[in-house]
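Numbering (the working numbering), first residue to last: 237 to 661. Read through the structure below, which is laid out as structure tokens, and then see the notes.
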């Protein structure tokens, strides 16, 4: 089987969890390459709804190996919660889950720092999940970060944490000398937590390289979506890592020649969480209908997602940036009751027609979508598993998307369960 990357083609929340779960049946190793506990993959397992924030959902399949790569920032308390939730439903990750020793740790002061930053931004706040992800990546690039492999040496750890606390006190005016964030207190808590996952920590780059040499197949997944990428997303309303396919190699320590295929996942409409431009957003009853019908609330924060029509300008950009060779469309059933459906095919800006995604967020705020209107199908598609059984207008909708992007749609999700999938041949 090929080595595949699965990427979100919009702003995240596209339903990648189900697709990774489905495709993991054909892979030997499922690996996560970036992000933190600010993203959630929701899957249904034995009638239990599980939300996995850091552990790849491939762990739900017996005998599959899962890897959390160096590009992920580890939230230890939430990782322990995930391990506990897995064991509760009878899933034992021992010997099947490996976490990179080079992965950075989200520290308690990162979360306090992010909260302060958002408060200072006022009306211009980004709308982060306040999980400390951004500051953890900032410390990583500032070479102040603490990695899982650093937690064995208490003396060195204490010194590094104290230096970081001094940095935050000096440069940001937080953590006053009142003992509330002493190095010893922070180090003690982190070391107790890391001690519970010590058996999972390994050189995951070597594990993956060895697997590739033996002809094993990899399925690589990220968090969030293309439009939240630090370099190619709607900056500064983005995440702090590379969510695109290029992030898979640097986030796992494997070479690009190992990648055979990039699969993009997109909803049949568009959503985003947090602030920032959203050209096709529907701030009316129709947007609320999509939110309710699609249960569009964040898996991590329960925040309501902003909803709008499908945007082909964004998807064309995602295809180009990621090198997407196949597309998955999710939540088609959410559109079932609409008499007509709109798709943005271009933007209008100051009298000009734009067919390419503008890099400037200020321009994106000003664009007006150019829509193509298609007839709805007014017929239920939920739970369907056959292309032939899809209503003709639903088939036309999918064909139009595929033809516009020049990329085949090979899977259509018609519900949250693993088996609710249409395989397009």
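Think of the CB as a built atom: it goes at the ideal place given N, C-alpha and C, for glycine as much as any other residue.
Put simply, of 296, 601, 504, 245 the residue whose alpha carbon is nearest the alpha carbon of residue 571 is 504. Residue 383 and residue 406 have their C-alpha atoms roughly 23 angstroms apart. Residue 557 carries a helical assignment under DSSP once its states are collapsed to helix, strand and coil. In the DSSP annotation of this structure, the continuous segment of the beta strand (DSSP E) that includes residue 544 starts and ends at 542 to 544. With fewer than 16 other beta carbons inside 10 angstroms of its own, residue 589 counts as exposed.
Residues of the same chain with a CB within less than 8 angstroms of the CB of residue 655, apart from the 5 flanking positions on each side, are 621 in chain order. Looking from the CA of residue 421, the closest CA among 394, 249, 400, 281 belongs to 394. Of the candidates 596, 446, 288, 344, 344 places its Cα closest to the Cα of residue 404. Inclusion of residue 650 and residue 568 in the CB contact set at 7 angstroms is warranted, their separation being smaller than that value.
For the set 438, 539, 565, the Cα lying nearest the Cα of residue 386 is the one of 438. Remark: C-beta atoms of residue 545 and residue 597 do not approach each other more closely than 7 angstroms.
Secondary structure at residue 263: coil, using DSSP grouped into helix, strand and coil.
Membership of residue 610 in any alpha helix (DSSP H) is not indicated; the residue belongs instead to the beta strand (DSSP E) covering 604 to 611. Residue state for residue 359 is assigned as helix, using DSSP reduced to three classes.
No Cβ-Cβ contact shorter than 7 angstroms links residue 660 with residue 637. Take residue 301, set aside five residues on each side of it, and the residues of its chain with a beta-carbon closer than 6 angstroms to its own are 265, 332, in chain order. Taking C-beta atoms under 8 angstroms as the contact rule, residue 497 and residue 653 fail to qualify, at a distance of about 25 angstroms. Close CB contacts of residue 370 within its chain, under the 7 angstroms cut and outside five residues either way in sequence, are with 350, 364, 476 (chain order). The alpha carbon of residue 360 has as its nearest neighbour, out of 510, 457, 486, the alpha carbon of 510. In the three-state reduction of the DSSP assignment, residue 271 falls in the strand class, which pools E and B.
Straight-line measurement puts the Cα of residue 263 at about 5 angstroms from the Cα of residue 453. Residue pairing by DSSP places residue 517 opposite 544 in a beta bridge.
Buried is the label assigned to residue 340, since at least 16 other Cβ atoms lie within 10 Å of its Cβ. Scanning the region 328 to 411 from its first residue to its last, the whole beta strand (DSSP E) runs of 3-plus residues come out as 333 to 336. Cβ-Cβ distances below 8 angstroms link residue 258 to 647, 654, 657 in the same chain, with the five nearest sequence neighbours on each side left out; the list follows chain order.
Counting the other CB atoms within 10 Å of its CB gives residue 508 a total of 16 or more, which places it among the buried residues. Per the coordinates, the alpha-carbon of residue 613 lies some 7 angstroms from the alpha-carbon of residue 573. Counted as a single uninterrupted DSSP element, the beta strand (DSSP E) harbouring residue 277 occupies residues 277 to 281. DSSP, reduced to helix, strand and coil, places residue 646 within a strand of the structure shown.
In this structure, residue 444 lies near residue 490, with their beta-carbon atoms less than 7 angstroms apart.
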